[in-house]
Amino acid sequence: MRMRDRRFWVKMGLLAATLVVVYLCSFVIGSVDASVSLVVDVLLSRLTGIEPYWSAVTDQIMLGVRFPQITLSVLIGGALAVSGASYQTVFKNPMVSSDILGVSAGAGFGAALAMLNGCTWWQIQLAAFVGGSVAVLLAYVIGAVLGRQNLTVLVLAGVVTSSFFQALISIVKTVADTDSVLPSITFWLMGSLNKGDNADLVLMLPAVVLSLALLFAFRNKIDVLAAGEDEARSMGVNVNVVKGVVIVASTLMTACAVSVAGIIGWIGMVVPHIARTITGASFSKLLGSSFLAGGIFLLLIDDIVRSSFSDLPLGVLTALIGTPMFVFLLIRTRKEWV
Amino acid sequence: MLDVSNLRFSYRRGREVLKGVSFSIDRGEILCLLGSNGTGKTTLLRCLLGFEKPDGGRILVDGEDVTRMRLERRARYLAYVPQSTSIAFPYTAREVVLMGRVAHLATGASHTARDMQVVDEAMERLQIAHLAECRYQEMSGGERQMVLVARALAQDARLLVMDEPTANLDYHNQVKILTALKYLAGQGLGILMTSHYPDHAFLACTKAALMKGGALVDVGPPDDIVTSESLTNLYDTPVHVGGTFVGGLVVKTCIPLLDETVYARVQADAEGSQELDASFERA
């Protein structure tokens, strides 16, 4: 194996180990005390058949509440980071992500509309996917009409699309029942994992796995688009197919994330840049590293929320931490971006 | 090798940008496409590379019509070297060159040891192996251009299509690029380049093509067709082509003249010197 391949796998190993440690430690946080060894025993009890030396309540809290919530935060953090990384690479633009392009707002609108009509979970997810796809296509078309090669135009188009769907969300809110539906829509839109349960996990996992598999299959072609569309074409890549794959896969992941946990911003924007400083820009490497880094990032944020015993929405905290990080990245790399 | 015949193209109906362009390039030949801005040079390249679909005419490479090929197959015949573009992310030079292998890769497949070997060889041939792990973003214009040439080489195509390879480069890097092109042509590649420096046609090219108003005015060896008259006509600007003895060789250079009267005087001098030559011979 070549030297630089080995270095990549060492870094991935370290990231994965960090994720596992943070993941296990996350179970300790909460109103019921538990040690890490207890956590490991509870988690493995269904596989190894250890005789439970803990109470049924502990079992329920660990496996019924904390397990889905913590696992979902890994999945959602990873999914948002990967969709941000793939949008950035394929649009050749370091300043976009699902939330900037309006995907999150579009998915939020779709989901809110479905919630208003009392739809079932998978209908909400479908509505979120449709809303997200419409939003990203709208942003892309507006950006393409205004100016193909300009980085800021696409960002601007995303901001416009995002505002448009935020307005639609507001309409849904004013129509919603103020006692039952409105509070849940409002709170959920700001980003929360409180309602995440094992059923969500079962629905989200296959969608994320499928999207990651699609992106993995097209990893080398996605890379080529970072050089520009014409150059990609001259190297034999069908640009529209690759863009379509990225839009479907990233929007599917974002829509799942939004329908489970509401709008959690800034992860898709900031985490890919952190991942690039670790494993480099090549998408085949970025795919893994940004997933792991995104998982760690959202786990830590969720831990902060839970250990402060507050109901602070996740989206608020990711924005509070994400925005200064973005400014820092912007200062460090401004020469290359502008 | 490359055989373009009667190529026609228009962006809008009734306004033809390419009005029946025909030329050919053989293995080992470098053709320099000269012409003023907006005359259709870039459009011609775009048609060759499949970015635009021509309205008529044929583009054959080794007897095969590339306009009917899928992009993936076409990429094995024609490789494109753009002007040194920026890439927004911190790719290393090796990763950029590796992009050129994508046409040889099935969807989902990983790069093989053979791909890596081709990439290393391409960089070695252009003497940029030492830059392999450097970030493309942080390179100078000349280094970037060499990396893009290496990427085109890694693509393993038969013909390189280069859009102003020497634009924005200093003398040192211009010479480096032109030397690399001569070397690659010597190894059997065909090269088509556009340029705003007619000097480069003399320095490195085996053929020149003069393009004006969407048609080729003349195609042939630079010494024969790149003259004061043809360039003055091509650019609608007085240009003087002169020769200098360097190391026993005549190196031709082109000098644009700012003043019409100077041009007239130069022309008169040229005629005068011919008369002088004639009178010497008589004597």
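Taken in sequence, the protein lines are chains A and B. Reading the first sequence from the start, the letters are residues 9 to 346 in the working numbering. Reading the second sequence from the start, the letters are residues -6 to 276 in the working numbering. The beta-carbon is built from N, C-alpha and C at its ideal position, and this holds for glycine as well. Computed from a predicted structure; not experimentally measured.
query = Quick one: which chain B residues come within Cβ less than 7 angstroms of M243/A?
reply = A68, M92, G93, V95, A96, Q148
inquiry  = Strictly by DSSP, which residues pair up with E45/B?
reply    = According to DSSP, which records beta bridges pairwise, E45/B is partnered with nothing at all.
ask   = Shorter than 9 angstroms from the beta carbon of R151/B to some beta carbon of chain A?
value = no
task = Could you please tell me which residues of the stretch 87 to 116 of chain A, in chain order, have their CB closer than 8 angstroms to any CB of chain B?
result = Q96, T97, K100, N101, P102
message = Output needed in chain order: residues of the stretch 211 to 237 of chain A with a Cβ under 8 angstroms from some Cβ in chain B.
response = Under the 8 angstroms Cβ criterion, the stretch 211 to 237 of chain A contributes F224, A225, F226, N228, K229, D231, V232, A234, A235, G236.
key: chain B contact for S292/A (CB, 9 angstroms cutoff)   = yes
request  = Flag this pair as touching only if the stretch 96 to 114 of chain B and the stretch 47 to 62 of chain B have three or more C-beta atom pairs under 8 angstroms; answer yes or no.
outcome  = When Cβ pairs closer than 8 angstroms are counted between the two stretches, the stretch 96 to 114 of chain B is seen not to touch the stretch 47 to 62 of chain B, the count staying below three.
inquiry  = Count Cβ pairs between the stretch 318 to 326 of chain A and the stretch 46 to 55 of chain A that sit closer than 8 angstroms; are there 3 or more?
reply    = The stretch 318 to 326 of chain A, when compared against the stretch 46 to 55 of chain A, does not touch it at the 8 angstroms Cβ threshold.
request  = Measure from the C-beta of L71/B to each C-beta in chain A and report whether the shortest distance is under 9 angstroms.
outcome  = yes
ask   = Buried or exposed: where does V74/B fall if 16 or more other Cβ atoms within 10 Å of its Cβ makes it buried?
value = So V74/B counts as buried.
ask   = Counting contacts by CB-CB distance shorter than 9 angstroms, is M333/A in contact with chain B?
value = no
query = If contact means a Cβ-Cβ distance below 9 angstroms, which residues of the stretch 44 to 61 of chain A contact chain B?
reply = For the stretch 44 to 61 of chain A, which is checked against every Cβ of chain B, not one residue is closer than 9 angstroms.
ask   = Can you name the residues that DSSP bridges to H233/B?
value = I248/B
message = Quick check on V14/B: does DSSP put it in helix, strand or coil?
response = Collapsing the DSSP output to three states places V14/B in a strand.
ask   = Since Y4/B is in the alpha helix (DSSP H), which residue starts that stretch and which ends it?
value = No alpha helix (DSSP H) holds Y4/B; the beta strand (DSSP E) holding it covers -5 to 5.
request  = Mind the definition here: the stretch 73 to 92 of chain A touches the stretch 301 to 313 of chain A only if three or more C-beta pairs lie below 8 angstroms; say whether that holds.
outcome  = Segments in contact, yes.
request  = For W17/A, collect the residues of the same chain with a Cβ closer than 7 angstroms to its Cβ; drop the 5 residues on either side in sequence, then sort them by chain order.
outcome  = none
ask   = Does DSSP put K229/A in a helix, in a strand, or in coil?
value = DSSP places K229/A in helix when its eight states are reduced to three.
request  = Grab me the residues of A150/B's own chain with a C-beta within less than 7 angstroms of its C-beta, minus the 5 sequence neighbours each way, in chain order.
outcome  = These residues qualify, in order along the chain: A68, R69, Y70, L71, A72.
task = For the alpha helix (DSSP H) containing G114/A, list its first residue and its last residue.
result = 111 to 124
ask   = Is there at least one Cβ from chain B nearer than 9 angstroms to A184/A's Cβ?
value = no
task = Alpha carbon to alpha carbon, how far is S17/B from A261/B? Give it in angstroms, no decimals.
result = Between A261/B and S17/B, the C-alpha separation is close to 37 angstroms.
request  = Kindly indicate if chain B contains any beta-carbon less than 9 angstroms away from that of R284/A.
outcome  = yes
inquiry  = With the cut-off set at 9 angstroms, would you say A257/A and L220/A are in Cβ contact?
reply    = Yes, the pair counts as a contact, with Cβ atoms nearer than the cut-off.
message = Give the list of continuous alpha helix (DSSP H) stretches no shorter than 4 residues that lie fully inside the stretch 129 to 154 of chain B.
response = As far as the stretch 129 to 154 of chain B is concerned, its whole alpha helix (DSSP H) runs of at least 4 residues are 134 to 147.
inquiry  = Per DSSP, what are the beta-bridge partners of G183/B in this structure?
reply    = L152/B
Cut-off 7 angstroms between Cβ atoms - residues of its own chain near A115/B, not counting five sequence neighbours on either side = V90, A143, L146, A147
key: Proximal residues of chain B, C-beta to C-beta of N206/A below 9 angstroms   = Going along chain B, no residue has its Cβ under 9 angstroms from N206/A, so there is no contact; the nearest lies around 32 angstroms.
Which listed residue (T254/B, D156/B, C198/B, T220/B) has its alpha carbon closest to that of L171/B = Ranking the options by Cα distance to L171/B, first place goes to C198/B.
ask   = Do you know how far the Cα of F172/A is from the Cα of P76/A?
value = 33 angstroms
task = Answer yes or no: does any C-beta atom of chain B fall closer than 9 angstroms to that of G288/A?
result = yes
request  = Determine, using beta carbons only, whether V(-3)/B and L53/B come nearer to each other than 9 angstroms.
outcome  = yes
ask   = Under the three-state reduction of DSSP, which class applies to L71/B: helix, strand or coil?
value = strand
query = Using Cβ-Cβ distances below 9 angstroms, what residues of the stretch 30 to 61 of chain B are close to chain A?
reply = Cβ contacts with chain A: R39, L42, G43, F44.
Identity of the residue in T187/B, G135/B, L177/B, G181/B nearest H165/B by Cα = Cα-wise, what sits closest to H165/B is G135/B.
message = For a cutoff of 9 angstroms on Cβ pairs, would you count V154/B as touching chain A?
response = yes
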